[in-house]
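If you count the sequence shown from 1, position 91 lands on 91 in UniProt numbering, and the numbers rise without skipping.
C-beta: ideal position from N, C-alpha, C; glycine also.
Contents: one structure, followed by commentary.
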Amino acid sequence: MKTVQLHDLTFEKCISKTQVQQAVNGVAVRLNDDYRGKRPVFLTVLNGAFLFGAELIKKFDSECELSFIKVASYDGTEQRDEIYTVMGAEPSLKGRDVIVVEDIVDSGNTIDTIIQILKDEDVASYTIASLFYKPAAYRKSHKIDYIGLEIENDFVVGFGLDYNGLGRNLTSIYKLKQHTMKNLVLFGPPGAGKGTQAEVLKEKYNLVHISTGDVFRYNIKNGTDLGTLAKSYIDKGQLVPDTVTIDMLNAEVEKNAQAQGFIFDGFPRTEAQAVALAALLESKGTEVAAMVALEVDDEVLVKRLLERGKTSGRPDDADEDVIRNRIKVYYAETAILKDFYEKQDKYYGVNGVGSVDEITERLSTVIDTL
Ligand code: AMP
């Protein structure tokens with residue numbers, strides 16, 4: 001198996017079963033040398049290190065004992081670095097020579113906590129044996145005494161390591177596949193032609209088109225709670241609150257986990273939304289490739305929207321005051337996103353006046369360079 005699918009993510013093989021076994025053997029040989037005749041306690045950190053711990057014990061020649069410890073990090077984002085004990089080591093490790101068995105040392109937070117526990121327990125000595133070690137991610141100073149393999153700063157699963165509970169039974173190691181996803185933010189004031197262009201571009205580049213305006217209108221039509229809430233803002237040409245919009249956008253992206261990329265149309269409209277989008281895409285191993293903006297003069301926009309209002313059935317297109325308010329809101333709250341993406345070298349402005357084909361051509365010229 002070259003790739004595996006776990007929940008919504010794809011992982012590709014990066015370390016073979018044989019390499020894993022060699023890494024385990026390397027650590028076992030050194031432990032046998034260093035602990036000959038000492039009767040250490042192997043303290044395996046659950047859940048991930050259970051397989052590594054089991055393999056090490058089988059290869060250990062002298063007398064030894066076993067113990068387990070389980071720690072977890074707080075869920076709240078602010079305390080993500082803090083770790084607490086879920087299950088402590090039994091019986092007491094006081095006066096013992098302890099070998100901490102870890103599957104992976106990443107930032108070092110877990111190891112840091114465990115070392116503190118060992119000091120509090122008054123152990124005679126401790127060393128740390130980790131199957132994998134990520135030097136690029138390690139932020140602590142304790143020496144990792146026995147390392148099976150140093151690896152890149154990738155998210156890995158297999159041989160005890162999991163992604164949301166899955167993947168522990170894989171005998172090789174798999175890393176998160178970096179999607180060559182193309183995620184575009186189609187930008188521009190109301191009436192710039194984002195929806196029209198998105199329809200064409202999604203076919204051309206095989207992307208999923210998410211229009212937050214369309215999703216709101218769908219909810220309004222179906223009389224959902226979200227629709228009722230959104231309507232009170234949309235009818236006035238105001239923005240729907242960020243929390244509501246961000247939750248909705250996240251759900252739309254999750255629904256299309258297999259997409260090769262997205263065209264975001266009408267999102268983000270505030271900096272908070274842009275930050276949330278970056279976090280969401282980062283969690284999928286991808287990012288916004290570009291913001292492509294359709295630039296159109298205000299008066300052209302008003303004319304276009306009034307014209308569209310004759311057939312679109314959208315109340316917010318029929319009333320010139322509401323239209324002007326939408327454009328005003330765009331400049332007051334949304335246009336700052338140009339800076340946001342410009343700072344990341346991701347902003348591309350395109351002339352949005354011309355025929356549909358001409359504008360598609362201009363947009364494609366930008367997209368093809370990404
Ligand atoms: P649109 O179809 O993109 O012109 O959006 C129509 C209306 O839906 C807007 O005027 C807002 O009231 C609401 N809306 C759409 N997308 C967003 C968003 N990203 N944030 C807040 N409100 C939005």
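Where G349 sits in the DSSP three-state scheme: Residue mapping note: residue 349 aligns to position 349 of the sequence shown, counting from 1. Looking at G349 - three-state DSSP - the assignment turns out to be strand.
Should Y331 be counted as a contact of ligand 1 given a C-beta to heavy atom distance under 7 Å? Taking the sequence shown and counting its residues from 1, the one referred to as residue 331 is at position 331. Checking the Cβ of Y331 against ligand 1 gives no.
Under 7 Å: does the beta carbon of Y233 sit that close to some heavy atom of ligand 1? The residue given as residue 233 occupies position 233 in the sequence shown. Yes; taking the cut-off as 7 Å, the Cβ of Y233 has a heavy atom of ligand 1 nearer than that.
For V208 and L294, which I take to be in contact (beta-carbon distance under 8 Å), what is that distance rounded to the nearest angstrom? Residue mapping note: residue 208 aligns to position 208 of the sequence shown, counting from 1. Residue mapping note: residue 294 aligns to position 294 of the sequence shown, counting from 1. Contact flag wrong, Cβ pair sits at about 20 Å.
When the Cα of V185 is compared with those of Q273, I147 and N256, which residue comes out closest? One-based indexing of the sequence shown puts residue 185 at position 185. It is Q273.
At which residues does the beta strand (DSSP E) containing N183 begin and terminate? Within the sequence shown, residue 183 is the residue found at index 183, counting from 1. It spans N183 to F187 - the beta strand (DSSP E) in which N183 sits, taken as one unbroken run.
D247 Cβ short of 7 Å to ligand 1 heavy atom set: Looking up residue 247 in the sequence shown gives position 247. No; taking the cut-off as 7 Å, the Cβ of D247 has no heavy atom of ligand 1 nearer than that.
Taking only heavy atoms of ligand 1 into account, decide whether any of them is closer than 7 Å to the Cβ of F267. Taking the sequence shown and counting its residues from 1, the one referred to as residue 267 is at position 267. Yes; taking the cut-off as 7 Å, the Cβ of F267 has a heavy atom of ligand 1 nearer than that.
Output the residue ranges of the beta strand (DSSP E) runs that lie fully inside the segment 191–230 and measure 3 residues or longer, sorted by chain position. 208–211
Beta strand (DSSP E) containing L294: first to last residue? Indexing the sequence shown from 1 puts residue 294 at position 294. Unbroken beta strand (DSSP E) run through L294: V288 to E295.
Does the beta-carbon of P91 have 16 or more other beta-carbons within 10 angstroms, so that it is buried, or is it exposed? Stepping through the sequence shown from its first residue, residue 91 is reached at position 91. The residue is exposed, with fewer than 16 neighbouring Cβ atoms inside 10 Å.
To the nearest whole angstrom, what separates the beta carbons of V100 and Y126, a pair I think is in contact under 8 Å? By one-based count along the sequence shown, residue 100 stands at place 100. By one-based count along the sequence shown, residue 126 stands at place 126. About 6 Å; that satisfies the 8 Å criterion.
Pull up the CB-CB distance for K338 and V288, whole angstroms please, since I reckon it's below 8 Å. Sequence index remark: in the sequence shown, residue 338 carries index 338 (1-based). Sequence index remark: in the sequence shown, residue 288 carries index 288 (1-based). Contact flag wrong, Cβ pair sits at about 13 Å.
L239: CB within 7 Å of a non-hydrogen atom of ligand 1: Here residue 239 is taken as the residue at index 239 of the sequence shown, counted from 1. Yes - ligand 1 has a heavy atom lying nearer than 7 Å to the Cβ of L239.
Report the rounded CA-to-CA distance for Y174 versus A276, giving the unit in angstroms. Reading the sequence shown from its first residue, position 174 is the one you call residue 174. Reading the sequence shown from its first residue, position 276 is the one you call residue 276. If you take the alpha carbons of Y174 and A276, they lie about 28 Å apart.
On the DSSP letters alone, give me the boundaries of the alpha helix (DSSP H) that K303 sits inside. Stepping through the sequence shown from its first residue, residue 303 is reached at position 303. K303 -> alpha helix (DSSP H) spans D298 to S312.
Find the nearest neighbour of K303 within the set E320, P315 and V292, judged by alpha-carbon distance. Position 303 of the sequence shown, counted from the start, is the residue given in the question as residue 303. Comparing Cα-Cα distances from K303 to each of E320, P315 and V292, the minimum goes to E320.
Just to confirm the assignment: which complete beta strand (DSSP E) runs, minimum length 3, are found wholly within the segment 114–185? 125–133, 146–150 and 173–176
Is any heavy atom of ligand 2 found at a distance shorter than 7 Å from the C-beta of P189? You won't find ligand 2 in this model; what it holds is ligand 1.
Around the Cβ of N206, are there at least 16 other Cβ atoms within 10 angstroms (buried) or fewer (exposed)? On the sequence shown, position 206 is the one that residue 206 refers to. Label assigned to N206: exposed.
Output yes or no for whether 8 Å exceeds the beta carbon distance between D112 and H142. Reading the sequence shown from its first residue, position 112 is the one you call residue 112. Reading the sequence shown from its first residue, position 142 is the one you call residue 142. Yes, these two residues count as a Cβ contact at 8 Å.
Which of helix, strand or coil DSSP assigns to I69: Residue numbering aside, residue 69 sits at position 69 when the sequence shown is read from its first letter. Of the three classes helix, strand and coil, the one that applies to I69 here is strand, per DSSP.
Would you mind reading off the limits of the beta strand (DSSP E) that contains L9? Counting from 1 along the sequence shown, the entry for residue 9 is found at position 9. According to the DSSP assignment, L9 belongs to the beta strand (DSSP E) that extends over L9 to I15.
F52 and L166: beta carbons closer than 8 Å? Counting from one through the sequence shown, the residue named residue 52 turns up at place 52. Counting from one through the sequence shown, the residue named residue 166 turns up at place 166. The Cβ atoms of F52 and L166 lie no closer than 8 Å to each other.
Is D75 buried or exposed, if buried means 16 or more other CB atoms sit within 10 Å of its CB? Residue numbering aside, residue 75 sits at position 75 when the sequence shown is read from its first letter. Note that D75 scores 49 on pLDDT, short of 50, meaning its location in the model is unreliable and no value can be drawn from it.
Of the residues G37, A89, Q197 and I147, which one's Cα is nearest the Cα of G352? The residue labelled residue 352 in the question sits at position 352 within the sequence shown. It is Q197.
Assuming P190 and I104 make a contact with CB atoms under 8 Å, what is their CB distance in whole Å? Taking the first residue of the sequence shown as 1, we reach residue 190 at position 190. Taking the first residue of the sequence shown as 1, we reach residue 104 at position 104. Going by Cβ atoms, the distance from P190 to I104 rounds to 49 Å, so no, they are not a contact pair.
For F42, list the residues DSSP reports as bridge partners. To locate residue 42, count along the sequence shown from 1; it is residue 42. Its beta-bridge partners are L66 and I99.
For G37 and L66, the rounded distance between their alpha carbons: In the sequence shown, the residue the question calls residue 66 occupies position 66. In the sequence shown, the residue the question calls residue 37 occupies position 37. Cα-Cα distance, rounded: 16 Å.
Identity of the residue in D225, T270, N222 and N219 nearest Q238 by Cα: Indexing the sequence shown from 1 puts residue 238 at position 238. Looking at the Cα atoms, T270 is the closest of the given residues.
Need the endpoints of the beta strand (DSSP E) that Y84 sits in, please. For the purposes of this step, residue 84 is taken as residue 84 along the sequence shown, with counting starting at 1. DSSP places Y84 in the uninterrupted beta strand (DSSP E) bounded by I83 to M87.
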